[in-house]
DNA sequence: TTATGAACAAAATGTTCATTC
DNA sequence: GAATGAACATTTTGTTCATAA
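Protein chains in written order, with the working numbering: chain A, 63 to 183; chain B, 63 to 183.
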């Protein structure tokens with residue numbers, strides 16, 4: 063038995079995956095830095111993503127064959143190995159498909175919220 | 063230990079409570095009819111609220127002291143007792159406060175989605 | 001202390017069942 | 001079949017812990 067989603071708003075996980083794709087497209091970043099960036103980005107809107115959510119989203123993207131991990135030494139004085147992310151061979155393409163899908167979903171959600179404001183106020 | 067919400071999007075329950083308040087302000091309706099109305103209302107946006115969610119939202123509003131139940135015979139030929147909802151003494155006032163709060167929340171969510179579209183596309 | 005991730009716990013929500021008319 | 005609601009199951013998401021450097 064497949065569980066039917068009710069079609070309410072987009073899930074946090076999907077939302078984060080979209081941002082992670084974009085961030086990794088444009089920057090060389092690892093898990094916690096991504097979290098810090100997003101946290102900062104959304105500070106004004108009261109959204110504080112936590113680190114396990116970020117990691118789970120990244121792992122999802124790996125499972126989807128979009129990203130792979132690249133362990134590297136963090137630049138700086140102290141030795142620390144961190145996990146960077148890169149697009150796989152077909153990753154960019156798959157990422158584009160995912161983004162396309164999310165765009166439609168976000169616009170649908172936008173309409174839902176706009177409708178709610180219109181209908182109730 | 064209180065669990066901290068991350069501050070992502072509004073919960074379905076809260077969203078429904080807002081609509082239920084508005085619908086009950088303007089109509090004499092019972093549970094399943096409210097569900098049918100909302101289902102129809104959101105058909106185009108792919109959101110299909112299910113009946114337990116509606117009932118739980120209604121029960122929440124009762125617990126908050128906003129509504130109370132009024133059992134009545136459904137109009138029509140066949141005898142059937144259904145549960146209508148009305149505002150309590152202080153219900154209207156409390157409902158207004160709740161709506162005010164939700165308006166702020168919905169506008170915050172709107173900004174989150176708009177930002178996501180702007181940042182990723 | 002920073003970083004990664006698993007394990008765990010709780011909340012949100014969807015499905016099924018019981019009951020009544 | 002329509003209506004109400006509880007019970008149950010799953011998913012989503014938040015907290016804590018383990019491990020390493």
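Positions of the beta carbon are idealized from the N, C-alpha and C atoms, including for glycine.
- request: Alpha carbon to alpha carbon, how far is residue 100/A from residue 160/A? Give it in angstroms, no decimals.
  value: 20 angstroms
query: Using CA coordinates, which residue listed in 67/A, 152/A, 96/A and 133/A is at the minimum distance from residue 143/A?
result: Comparing Cα positions, the closest option is 133/A.
query: Once you ignore the five residues that flank residue 76/B on each side, which residues in its own chain have a CB closer than 8 angstroms to its CB?
result: 164 and 167
task: Step through the CB atoms of chain A and report whether any lies within less than 8 angstroms of the CB of residue 122/B.
output: no
- prompt: Could you give the residue range of the beta strand (DSSP E) that holds residue 165/A?
  reply: Residue range 153 to 182 is occupied by the alpha helix (DSSP H) that includes residue 165/A, with no beta strand (DSSP E) assigned at that position.
field: Three-pair Cβ contact test at 8 angstroms for the segment 81 to 91 of chain B versus the segment 106 to 115 of chain A
entry: no
field: Residue from 182/A, 178/A, 177/A and 130/A with nearest C-alpha to residue 157/A
entry: 130/A
Closer than 8 angstroms to chain B by CB, residue 149/A: no
query: Among the residues of its own chain, which have a CB less than 8 angstroms from the CB of residue 117/A, if the five just before and after it don't count?
result: 93
message: Is the beta carbon of residue 78/A closer than 8 angstroms to that of residue 119/A?
response: Yes, the pair counts as a contact, with Cβ atoms nearer than the cut-off.
- request: Compare the C-beta of residue 97/B with all C-beta atoms of chain A and state if any pair is closer than 8 angstroms.
  value: no
field: Delimiting residues of the beta strand (DSSP E) encompassing residue 81/B
entry: Looking at the DSSP string, residue 81/B is not in any beta strand (DSSP E); the run it does join, the alpha helix (DSSP H), is 74 to 88.
message: Classify residue 111/A: buried if its beta carbon has 16 or more other beta carbons within 10 angstroms, exposed otherwise.
response: Buried is the call here.
- request: Could you tell me which of 176/B, 179/B, 69/B and 171/B sits nearest to residue 178/A, measuring between CA atoms?
  value: 171/B
task: Would you tell me roughly how many angstroms separate the C-alpha atoms of residue 121/A and residue 114/A, rounded to the nearest one?
output: 10 angstroms
field: C-alpha gap between residue 145/B and residue 128/A, whole angstroms
entry: If you draw a straight line from the Cα of residue 145/B to the Cα of residue 128/A, it comes to about 51 angstroms.
message: So, with DSSP's three-state summary, where would you put residue 115/B?
response: helix
task: Could you tell me which chain A residues have their CB closer than 8 angstroms to the CB of residue 108/B, listed as they occur along the chain?
output: Here the neighbours are 69 and 170.
message: At the 8 angstroms Cβ level, is residue 179/B part of the contact set with chain A, yes or no?
response: yes
- request: Tell whether a beta-carbon distance below 8 angstroms holds between residue 182/A and residue 141/B.
  value: Judged by beta-carbon spacing, residue 141/B lies beyond the 8 angstroms limit of residue 182/A, meaning their Cβ atoms are not closer than that value.
query: Under 9 angstroms Cβ-Cβ, which residues of chain A neighbour residue 92/B?
result: Residues of chain A passing the Cβ test: none, with the nearest at roughly 20 angstroms.
query: From the DSSP output, which residues share a beta bridge with residue 96/A?
result: According to DSSP, residue 96/A bridges with nothing at all.
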